[in-house]
């Protein structure tokens, strides 16, 4: 599904503009106004290099070993989990947390910053937290994650929440801490 969305959002849109040529492949800027793509040299008026980005995960003990979902993986799950832990309360973490909650999944969102939607004003974060709480999403801010582990069919996130140690447990773990 994410690949189809990307196709519709970017690739199909370019087709509407006859003056834009989309080239896919290995490219090398050759100096001046030339670019070589898959061995063919082009001299366009303008060049846009869209390398894309990859999901980024924080350096948390055990996270890589436990495995986790990124935003693309989460949208490709064959079935809904009973519960979901979300690390990161930016736009993607909040959006996917709410989406899964509306489908009946028990969701808990963990954010290291002082409020959700950290790029926004604190009042917006407070309003979003209240809105999510009304939808039965537990949101925790100021969280310090110590380590992550997978035990059997569940994920365990060992963290400090409200200055107290807590182990958060869920069937799935989504890391939505940005892209790089």
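Numbering (the working numbering), first residue to last: 10 to 189. Quick reminder that beta carbons are idealized off the backbone N, C-alpha and C, glycines included. Note that this is a predicted model, so its numbers are computed, not measured.
Sorting 25, 106, 98, 156 by C-alpha distance to the C-alpha of residue 68 places 156 at the top. Annotation for residue 147: the continuous beta strand (DSSP E) segment containing it runs 147–149.
DSSP lists 169 as the beta-bridge partner residues of residue 174.
Contact between residue 185 and residue 102 holds, since their C-beta atoms are separated by about 3 Å, short of 8 Å. No residue range can be given for residue 63, since it is assigned to no beta strand (DSSP E) and is classified by DSSP as neither H nor E. With a 10 Å radius around the Cβ and a threshold of 16 neighbouring Cβ atoms, residue 90 comes out buried. Residue 118 is not a Cβ neighbour of residue 152, given a cutoff of 7 Å. When 188, 189, 159 are compared, the shortest CA-CA separation from residue 176 is found for 159. In terms of Cβ geometry, residue 46 and residue 34 form a close pair [threshold 7 Å]. In the DSSP assignment, residue 37 falls within the beta strand (DSSP E) that extends over 36–40.
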